[in-house]
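Heads up, the thing below is written out as structure tokens.
2 protein chains.
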Amino acid sequence: MYKQTCTNLLNLSKDEVKAWLDSFDSVITDCDGVLWVYGEPIAGSADAMNNLKTIGKSIYFCTNNSTKTRAELLKKGVDMGYHITENGIISTAHATAAYLKAHNFSKKVYVIGSEGITKELDAVGIAHTTVGPDQMHGSLGEFMSKHLVLEKDIGAVVVGFDEHFSFPKMTKAASYLSDPNCLFIATNTDERFPMPTLVVPGSGSFVRAIQTCAEREPIVIGKPNPAICAPLINQKIIDPSRTLMVGDRANTDVLLGYNCGFQTLLVGTGIHQLSDVAEWKQSKNPEDKKLIPDVYLPRLGDLLPFIVDKATGGSY
Amino acid sequence: MYKQTCTNLLNLSKDEVKAWLDSFDSVITDCDGVLWVYGEPIAGSADAMNNLKTIGKSIYFCTNNSTKTRAELLKKGVDMGYHITENGIISTAHATAAYLKAHNFSKKVYVIGSEGITKELDAVGIAHTTVGPDQMHGSLGEFMSKHLVLEKDIGAVVVGFDEHFSFPKMTKAASYLSDPNCLFIATNTDERFPMPTLVVPGSGSFVRAIQTCAEREPIVIGKPNPAICAPLINQKIIDPSRTLMVGDRANTDVLLGYNCGFQTLLVGTGIHQLSDVAEWKQSKNPEDKKLIPDVYLPRLGDLLPFIVDKATGGSY
Chain A
1 MYKQTCTNLL NLSKDEVKAW LDSFDSVITD CDGVLWVYGE PIAGSADAMN NLKTIGKSIY
61 FCTNNSTKTR AELLKKGVDM GYHITENGII STAHATAAYL KAHNFSKKVY VIGSEGITKE
121 LDAVGIAHTT VGPDQMHGSL GEFMSKHLVL EKDIGAVVVG FDEHFSFPKM TKAASYLSDP
181 NCLFIATNTD ERFPMPTLVV PGSGSFVRAI QTCAEREPIV IGKPNPAICA PLINQKIIDP
241 SRTLMVGDRA NTDVLLGYNC GFQTLLVGTG IHQLSDVAEW KQSKNPEDKK LIPDVYLPRL
301 GDLLPFIVDK ATGGSY
Chain B
1 MYKQTCTNLL NLSKDEVKAW LDSFDSVITD CDGVLWVYGE PIAGSADAMN NLKTIGKSIY
61 FCTNNSTKTR AELLKKGVDM GYHITENGII STAHATAAYL KAHNFSKKVY VIGSEGITKE
121 LDAVGIAHTT VGPDQMHGSL GEFMSKHLVL EKDIGAVVVG FDEHFSFPKM TKAASYLSDP
181 NCLFIATNTD ERFPMPTLVV PGSGSFVRAI QTCAEREPIV IGKPNPAICA PLINQKIIDP
241 SRTLMVGDRA NTDVLLGYNC GFQTLLVGTG IHQLSDVAEW KQSKNPEDKK LIPDVYLPRL
301 GDLLPFIVDK ATGGSY
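Printed below as a string of structure tokens:
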């Protein structure tokens, strides 16, 4: 419904919103920018999601954050009052481990990332290197001749968010990837996290660095790659045409929805705003057109009155 | 002469090669892959260059290597037997300092790179941060709140080769670059240095990382950007149509020649070979066509008999 029209749900009648609510059974939502912002809850989001569950929708959280396991993301969600279970968490660290497992990967993974990834690899019995600092020692010549040790059984390089990203890690990753049989997997390609006075580099900037010196393209697991939702779709747990994707970032969330055939809802509590959508509507680039959501709300919490009204049959 | 035909000079008659030698007054040559390989001299190159100088050609060395000053590159050249002077050295570290000086830059430079850059900045009186290790301390939160200090007077971020590249450096660079008035300069974008069992990341991989998290495009000083030869051309020290560019790498050296209107000679002692040129000749991509050199030689030293023959009037 309202396919790529960016219809503001607040401009519709109650009956129209109710009809729209009936058009999907499953809701997949991004986390940061929709449910919370850097650990601070966004008012109304928990009530809206919990009430969507109450009226019978399946609920999934879908994040490109590779630093946490599903169990850790679950705890964060539950602590904030969301009625969610571990099966309802779709994360890139978990999806990366699931991808390797599904491909019967039996070698060792060189990990640029954090324990979010290594714990998920442990959970499926895949061997990996340790994460944490790997700092430069001595001159370039000394490093190359004395300190740089490559392991023989590495069959994949996985790159996620890593605050210990360094030249030695780049050299090792690019060297492993010179073997064309070594897999190159990026958890996600989010470029950065802008903060009031700072820009924190995102996984995408590490991935680009490795991609450049390795001269290879990675397999990207995270949004907007449908791979992250493949298990749900392939096992017919969700019906794409009756699934709603909620997000604040068009080039990950809305585009994932476009790529999977989901309905899409953009909320204005994060990265992209109606002004961005207006630009994409004017653009002559067909790629920009894919970013236009079906419907829009200023905040996810704005949906609450319609859901409660629907549940009670009126009089909210 | 022989414009973009990749004519093998060894297939021409002596008189034809002599006529070709008369078609240029200046010779700009790449270093690594033409004159030496990782510090090992390539046989015949020094004799060929020195004899070109003897028959009256102006000689310039042009390297994207940002880790050395002009003085250091001069010493390396002289130690290998080249008859060259400091004015004959064109390097990205020097060119970066010259670019900033020419633009009356009066603030401070945040340098990701080595002393090759900072010494050249010192030489023109431009303030800069120190180079060397800047390692991650503690957790991401601790780093952000306690260790990360941004300076107030940074007006440019310069990115070159830096074996101490790290997450703190990326965060600082991207944060400085969130000010649109802060210049973003890359010494060069060479992707990597492949070695027998290793891949060493090049400046281009650091530049890509910063470019991604800063969401900005850099000004690239190095080859193939004509900026690196702009002083020679603008001050009419060389006449582009009577200048020969010699190189082993088409997407830096030959493309620089194309961009500057120089004649071009590809040698087979480095990255690109005749088989690559054959592919570009077949390609339908107009960008590939720019990579086809005018003439080709297996080694620069193959030119020696023709120069000496020309100098002596025959009987070499």
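For the record, the sequence lines run as chains A and B. Residue numbering for the first sequence is 1 to 316, as defined by the UniProt record's numbering. Residue numbering for the second sequence is 1 to 316, as defined by the UniProt record's numbering. Backbone N, C-alpha and C fix where the C-beta goes; we use that ideal spot for every residue, glycine too. Note that the coordinates shown come from a computational prediction; the quantities given were computed from them, not determined experimentally.
By DSSP, does residue i sit in helix, in strand, or in coil?
| i | result |
| --- | --- |
| B/D153 | coil |
| B/Y316 | Residue placement at B/Y316 cannot be trusted, given a pLDDT of 49 that sits under 50; the coordinates are not used to answer. |
| A/T187 | coil |
| B/Q263 | strand |
| A/D32 | strand |
| B/P305 | helix |
| B/A43 | coil |
| B/S139 | coil |
| B/V124 | coil |
| A/V131 | coil |
| A/S145 | helix |
| A/T118 | helix |
| A/N181 | coil |
| B/I228 | helix |
| B/N8 | strand |
| A/I221 | coil |
| B/I233 | helix |
| B/M1 | coil |
If the criterion is Cβ atoms closer than 7 Å, does the pair residue i and residue j meet it?
| i | j | result |
| --- | --- | --- |
| A/I126 | A/V158 | no |
| A/P293 | A/L266 | yes |
| B/T92 | B/V111 | no |
| A/D25 | A/R242 | yes |
| A/N50 | A/H83 | yes |
| A/S66 | B/C213 | no |
| A/C260 | A/P286 | no |
| A/G222 | A/N188 | yes |
| B/L297 | B/L9 | yes |
| A/L300 | A/A46 | no |
| B/V277 | B/C6 | yes |
| A/V34 | A/D248 | yes |
| B/P194 | B/V207 | no |
| A/I59 | A/K68 | no |
| A/Y258 | A/K290 | yes |
| B/K108 | B/D153 | yes |
Given that residue i touches chain A, what residues does it touch there, using C-beta distances under 7 Å?
| i | result |
| --- | --- |
| B/S178 | V199 |
| B/P133 | M136 |
| residue 317 of chain B | There is simply no residue 317 of chain B to check, as chain B begins at 1 and stops at 316 in what is shown. |
| B/H164 | M136, F167 |
| B/L140 | E163 |
Go to residue i, then tell me how far its beta strand (DSSP E) extends in each direction, as first and last residue.
| i | result |
| --- | --- |
| B/V111 | 108-112 |
| B/L244 | 243-247 |
| B/C62 | 58-63 |
| B/V17 | Segment 14-21 is the alpha helix (DSSP H) holding B/V17; no beta strand (DSSP E) there. |
| B/L297 | 295-297 |
Just curious, the alpha helix (DSSP H) that residue i is in, first and last residue?
| i | result |
| --- | --- |
| A/P168 | 167-176 |
| B/P194 | Segment 192-194 is the beta strand (DSSP E) holding B/P194; no alpha helix (DSSP H) there. |
| B/T96 | 92-102 |
| A/V207 | 203-214 |
| B/P240 | Where B/P240 is concerned, there is no enclosing alpha helix (DSSP H), given that its DSSP letter is neither H nor E. |
| A/E72 | 70-79 |
| B/K289 | 286-289 |
| A/V254 | Where A/V254 is concerned, there is no enclosing alpha helix (DSSP H), given that its DSSP letter is neither H nor E. |
| A/D276 | 274-282 |
Please compile the residues from chain B whose C-beta is within a distance smaller than 8 Å of the C-beta of residue i.
| i | result |
| --- | --- |
| A/T7 | Neighbours of A/T7 on chain B: none; closest Cβ ~30 Å, over 8 Å. |
| A/F143 | E163 |
| A/S175 | T197, L198, V199 |
Could you work out which residues of chain A lie near residue i, taking near to mean beta carbons separated by less than 8 Å?
| i | result |
| --- | --- |
| B/E215 | E191, R192 |
| B/M170 | F165, P201, S205 |
Is the number of C-beta pairs between the region 189-204 of chain A and the region 166-173 of chain A that are closer than 8 Å three or more?
no
Would you check if the region 134-145 of chain A and the region 178-196 of chain A touch, i.e. whether three or more CB-CB distances between them fall below 8 Å?
no
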